[in-house]
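Residue numbers (our numbering): 59 to 315.
Using N, Cα and C, we set each Cβ at its ideal position, and we do this for glycine too.
This structure is a prediction, so every number in the text was calculated from the model and none was measured.
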Ligand SMILES: Nc1ncnc2c1ncn2[C@@H]1O[C@H](COP(=O)(O)OP(=O)(O)O)[C@@H](O)[C@H]1O
Ligand SMILES: [Mg+2]
């Protein structure tokens, strides 16, 4: 039995009254990697942000429909949005480094979540850095500024910061688009390990990345009114090798997008 971790029903996103993503109905399964692919502007980032209510922070953004996280609609009244965001963590395209030490960048999420015990913080920071495959590279320089790290290391640091708060779901928005192939491979290897204990959704512009790491693929495409739609969804080999929708076929053959 495979558990559904996230389920969207009629998920639709507007900015200032303009519809950019319409009627997404999808199930995301536990301990899997789902890749979201499609041309720019089709609402991939908006989709991701709607899964942990980050769109709430964007003025003029409106989300319609339902997003169930482990059976509970996160848009219901009275839902603790902060708790949702600790269960469903996010990593962005550009590393979001704070002007602090390497250690404090990872501890940050714990401190704002009111974890006080320094031993607990140390253990979780260390554990998160190990999981993000960064520990060996930084263990002797934890007090150094995080700005001294390479972009690839900074991105793993951001992943570690998210992991330190022990989430259940990881949302990653094109996390390797500014990284070289070697750093990209490190992140991909980490994600393949993490999926044993996390549910992962990753937006990617790279079909080869989707091929390498994903179990499921979601294809977003614009309709005639330039509104993003989920046009195809299924196991990666099926979607990438024998897509049902002709637009998906064109996209994976590199003709559009
Ligand atoms: N904060 C925002 N305010 C207004 N429009 C936005 C905002 N964010 C995204 N959009 C618009 O919504 C559409 C979808 O954007 P986005 O979700 O970023 O797509 P993708 O990630 O697939 O490139 C685009 O037309 C974009 O310009
Ligand atoms: Mg985007």
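Using a cutoff of 8 Å, the CB of residue 119 counts as near ligand 1, since one of the ligand's heavy atoms is closer than that. Here residue 232 is near residue 261, since their CB atoms are less than 9 Å apart. When DSSP states are grouped into helix, strand and coil, residue 280 belongs to the strand group. The set of residues with CB atoms less than 5 Å from any heavy atom of ligand 1 reads, in chain order, 73, 78, 98, 99, 100, 101, 102, 103, 104 and 116. Judged by the Cβ position, residue 282 fails to qualify as a neighbour of ligand 2 at the 8 Å threshold, every heavy atom of the ligand being at least this far. In the displayed model, residue 162 falls within a helix according to three-state DSSP. Excluding the 5 residues flanking it on each side, residue 151 has same chain C-beta neighbours closer than 8 Å at 231, 232, 233, 235 and 236, in chain order. Nearest to residue 238 by C-alpha distance, out of 206, 195 and 267, is 267. By the criterion of a C-beta distance shorter than 6 Å, residue 143 is surrounded in its chain by 110, once the five residues flanking it on both sides are discounted.
Within the same chain, and ignoring the five residues on either side of residue 186 in sequence, the residues whose Cβ sits closer than 6 Å to its Cβ are 164, 218, 221 and 222.
Distances from the alpha-carbon of residue 188 to those of 215, 308 and 173 put 215 closest. Assignment of beta-bridge partners to residue 172 by DSSP yields no partner. Note on the segment 174-212: whole alpha helix (DSSP H) runs with a minimum of 4 residues are 176-189 and 193-196, in chain order.
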